Amino acid sequence: MGKEICKWYSVCPMRLFYKEGKLDKKWIEQYCFNGGQNCKRYEMEEKGIPHPDNMLPDGTIDESLK
Numbered sequence: 009m010g011k012e013i014c015k016w017y018s019v020c021p022m023r024l025f026y027k028e029g030k031l032d033k034k035w036i037e038q039y040c041f042n043g044g045q046n047c048k049r050y051e052m053e054e055k056g057i058p059h060p061d062n063m064l065p066d067g068t069i070d071e072s073l074k
């Protein structure tokens with residue numbers, strides 16, 4: 009079974025935070041490599057609703073992510 013990468017992954021701050029070692033791999037695997045399924049960031053992006061870069065896929069804000 010192949011993984012479906014979220015269409016927003018290439019421009020998503022979560023990708024950058026992960027590459028910088030600031031974000032645990034579980035976030036990427038659970039949301040980004042699952043087609044964006046159940047991702048609040050994905051839902052908001054699709055609706056054109058602004059959201060902060062440090063909002064995690066579950067909708068919580070992580071103040072440590074800058």
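My numbering puts the first residue of the sequence shown at 9, with every later residue one more than the last. Idealized CB from N, CA, C, for every residue including glycine. Quick caveat, the model's predicted, so the values are computed rather than measured.
query, result
"Given K34 as reference, the closest of D61, P60, D66 once Cα atoms are compared", "D66"
"Where the alpha helix (DSSP H) through P21 begins and ends", "21 to 27"
"Three-state class that DSSP yields for E12 in the structure shown", "strand"
"Between the CA atoms of K27 and V19 - distance to the nearest angstrom", "13 Å"
"Proximity to D70 [Cα-Cα], best of K15, I13, M22", "M22"
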